[in-house]
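Chemist:
There are 2 protein chains.
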Amino acid sequence: MVLKTRRAARAVTRRYNQLLRPFDLQCTQVSLLYAVAAGGFDSISEMADQQAMERSTLTRNLQLLRKRGLICSEQEGQGRPQRFELTPQGAHLLEVTIPLWQQAQDTLRQEWGEEDWSVIQSSLSIVGAIR
Amino acid sequence: MVLKTRRAARAVTRRYNQLLRPFDLQCTQVSLLYAVAAGGFDSISEMADQQAMERSTLTRNLQLLRKRGLICSEQEGQGRPQRFELTPQGAHLLEVTIPLWQQAQDTLRQEWGEEDWSVIQSSLSIVGAIR
DNA sequence: GTTGTAATTGTGTATATGCACATTTGCAAG
DNA sequence: CTTGCAAATGTGCATATACACAATTACAAC
Chain A
39 MVLKTRRAAR AVTRRYNQLL RPFDLQCTQV SLLYAVAAGG FDSISEMADQ
89 QAMERSTLTR NLQLLRKRGL ICSEQEGQGR PQRFELTPQG AHLLEVTIPL
139 WQQAQDTLRQ EWGEEDWSVI QSSLSIVGAI R
Chain B
39 MVLKTRRAAR AVTRRYNQLL RPFDLQCTQV SLLYAVAAGG FDSISEMADQ
89 QAMERSTLTR NLQLLRKRGL ICSEQEGQGR PQRFELTPQG AHLLEVTIPL
139 WQQAQDTLRQ EWGEEDWSVI QSSLSIVGAI R
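So the sequences go chain by chain: A and B. If you count by the working numbering, then the first sequence holds residues 39 to 169, one letter each, in order. If you count by the working numbering, then the second sequence holds residues 39 to 169, one letter each, in order.
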């Protein structure tokens with residue numbers, strides 16, 4: 039089970055990353071830009087929970103985006119909750135990648151068909167919900 | 039889609055790795071031990087294809103197992119195809135982890151129920167098959 | 001025998017992931 | 001005011017992943 043899931047993640051990740059290559063972005067980074075844009079996170083810890091990502095992993099992934107000037111946070115210093123938001127550059131880059139994202143999504147949808155597409159979606163939701 | 043898949047991989051990986059912790063193994067390593075035990079690979083490249091894993095990733099993952107004395111290869115030197123097989127220690131460790139693996143599998147099967155279990159399995163197979 | 005080429009593996013660099021431990025902040029208790 | 005604790009983030013270390021490039025081997029062509 040875990041083998042199949044990881045294999046699926048590798049396969050689909052490579053396809054999406056190939057599309058994102060021209061923008062020097064990886065799909066994890068786009069997903070975090072999207073999460074920051076959606077807002078609603080009062081801290082990294084809270085965001086980590088919702089992403090099912092280890093907190094320290096998320097910390098470092100966000101730092102990469104900060105160093106590239108795609109996100110920022112008013113709060114400074116360790117020990118205080120961080121609330122991130124997109125910079126103008128981050129917002130612009132996210133806008134640009136949305137059509138690509140949609141295109142990748144549509145391609146898979148066509149390859150699998152509508153029926154399989156929904157079944158796969160709900161299957162992944164179930165697997166991603168375990169703790 | 040890729041987000042859901044990666045999230046699912048993170049979630050299920052953590053659960054399996056928690057069980058494997060006492061043996062200082064990660065689920066990727068167990069999967070490679072299993073693949074080596076099943077045999078049938080004439081080279082790292084061929085094995086990488088079947089695992090949907092990037093060749094250089096597989097190379098390094100196998101090196102870790104080799105350094106721990108769990109697998110070995112008669113062929114020596116770069117440029118020649120590598121055929122790995124389990125060492126006695128590797129075979130023993132694999133044997134020991136099988137019940138744990140089965141237990142994790144059974145737990146998920148119960149949590150999800152037989153019907154969802156099969157649907158999830160086939161969904162993951164479909165996603166893992168894309169190139 | 002030399003040269004060229006295809007197949008294979010290895011290495012450099014960067015991101016992604018997670019556990020264990022450390023550090024900082026803020027606040028409540030006394 | 002000090003002490004202690006809970007919450008939050010940061011750091012050290014190791015594995016996992018993949019792309020681009022380098023190096024090696026084996027073999028065919030001449």
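Where is the CB? At the ideal position from N, CA and C, for every residue including glycine.
From A/Met85, A/Arg52, A/Gln148 and A/Asp87, pick the residue whose C-alpha is nearest to that of B/Glu92; which is it?
Modeler: The shortest Cα separation from B/Glu92 among A/Met85, A/Arg52, A/Gln148 and A/Asp87 belongs to A/Arg52.
Chemist: Can you tell me the Cα-Cα spacing of B/Ala73 and B/Met85, whole angstroms?
Modeler: Distance between the alpha carbons of B/Ala73 and B/Met85 is about 8 Å.
Chemist: When we look at the beta-carbon of A/Val134 and count the other beta-carbons within 10 Å, is it buried (16 or more) or exposed?
Modeler: With fewer than 16 other Cβ atoms within 10 Å, it is exposed.
Chemist: Please go through the same chain and pick out, in chain order, the residues whose beta-carbon is closer than 8 Å to the beta-carbon of A/Thr66, but skip the five residues on each side of it.
Modeler: Same-chain partners within the cutoff: Asn99.
Chemist: Report buried or exposed for B/Thr43, applying the criterion of at least 16 other Cβ atoms within 10 angstroms of its Cβ.
Modeler: Buried.
Chemist: Does the beta carbon of A/Gly151 fall short of 7 Å from some heavy atom of the ligand COA?
Modeler: The ligand COA is not part of the structure shown, which contains no ligands of any sort.
Chemist: So, at 8 Å on beta carbons, what are the nonlocal neighbours of A/Arg162 in its own chain, with the 5 sequence-adjacent residues on each side left out?
Modeler: Note that residue 162 of chain A corresponds to Leu in the displayed sequence, not to Arg. No residues qualify anywhere along the chain.
Chemist: Beta carbons nearer than 7 Å to chain A: which residues of the segment 39-59 of chain B have them?
Modeler: Here the close residues are Met39, Val40, Leu41, Lys42, Thr43, Arg44, Arg45, Ala46, Ala47, Arg48, Ala49, Val50, Thr51, Arg53 and Tyr54.
Chemist: Quick check on B/Arg45: buried or exposed, where buried means 16 or more other Cβ atoms within 10 Å of its Cβ?
Modeler: B/Arg45 is buried by the Cβ-count criterion.
Chemist: With distance defined between alpha-carbon atoms, name the residue in A/Gln120, A/Ala129 and A/Gln88 nearest to A/Gln101.
Modeler: It is A/Gln120 whose Cα lies nearest to the Cα of A/Gln101.
Chemist: Pull the bridge partners of B/Ser111 from the DSSP assignment, please.
Modeler: According to DSSP, which records beta bridges pairwise, B/Ser111 is partnered with B/Phe122.
Chemist: Using beta carbons (cut-off 8 Å, strictly below), is A/Ala75 in contact with chain B?
Modeler: Output row for A/Ala75: interface = no.
Chemist: List the whole-angstrom C-beta distance separating B/Leu71 from B/Leu103, where the pair is believed to meet the contact cut-off of C-beta under 8 Å.
Modeler: Sure, about 7 Å apart at Cβ, within 8 Å.
Chemist: Could you tell me if A/Arg118 is buried or exposed, where buried requires 16 or more neighbouring beta carbons within 10 angstroms of its beta carbon?
Modeler: Exposed, because fewer than 16 other Cβ atoms sit within 10 Å of the Cβ of A/Arg118.
Chemist: Run through chain A and tell me which residues come within less than 7 Å of B/Met91, C-beta to C-beta.
Modeler: Arg48, listed in chain order.
Chemist: Let me confirm a value: B/Arg59 is counted as buried when at least 16 other C-beta atoms fall within 10 Å, else exposed. Which label applies?
Modeler: B/Arg59 comes out exposed.
Chemist: Can you give me the C-alpha to C-alpha distance between B/Cys110 and B/Leu146, rounded to a whole angstrom?
Modeler: Those two C-alpha atoms are separated by around 33 Å.
Chemist: Within 8 Å of any Cβ in chain A, is that where the Cβ of B/Gln143 sits?
Modeler: Judged by the 8 Å Cβ criterion, B/Gln143 is in contact with chain A.
Chemist: Tell me which residues share the same chain as B/Gly107 and place their Cβ nearer than 8 Å to its Cβ, disregarding the 5 neighbours each side in the sequence.
Modeler: Answer for B/Gly107: Thr125, Gln127 and Gly128, listed in chain order.
Chemist: Give a yes or no on whether the minimum CB-CB distance between A/Ile164 and chain B is below 8 Å.
Modeler: A/Ile164 counts as touching chain B.
Chemist: Can you check whether the C-beta of B/Gln187 is within less than 8 Å of a C-beta belonging to chain A?
Modeler: This structure does not reach residue 187 of chain B, given that chain B is present from 39 up to 169, and the question cannot be answered.
Chemist: Given that B/Cys65 touches chain A, what residues does it touch there, using C-beta distances under 7 Å?
Modeler: What B/Cys65 touches in chain A: Val40.
Chemist: Alpha carbon to alpha carbon, how far is B/Ser69 from A/Ala47? Give it in angstroms, no decimals.
Modeler: Their backbone Cα atoms lie some 15 Å apart in a straight line.
Chemist: Output yes if chain A places a C-beta closer than 8 Å to the C-beta of B/Leu146; else output no.
Modeler: Yes, because at least one Cβ of chain A sits closer than 8 Å to the Cβ of B/Leu146.
Chemist: For B/Met39, does the three-state DSSP call read helix, strand or coil?
Modeler: The answer is coil: DSSP assigns B/Met39 none of H, G, I, E or B.
Chemist: Is B/Ala49 closer than 8 Å to A/Val165 when the C-beta atoms are compared?
Modeler: In contact: A/Val165 and B/Ala49 (Cβ atoms closer than 8 Å).
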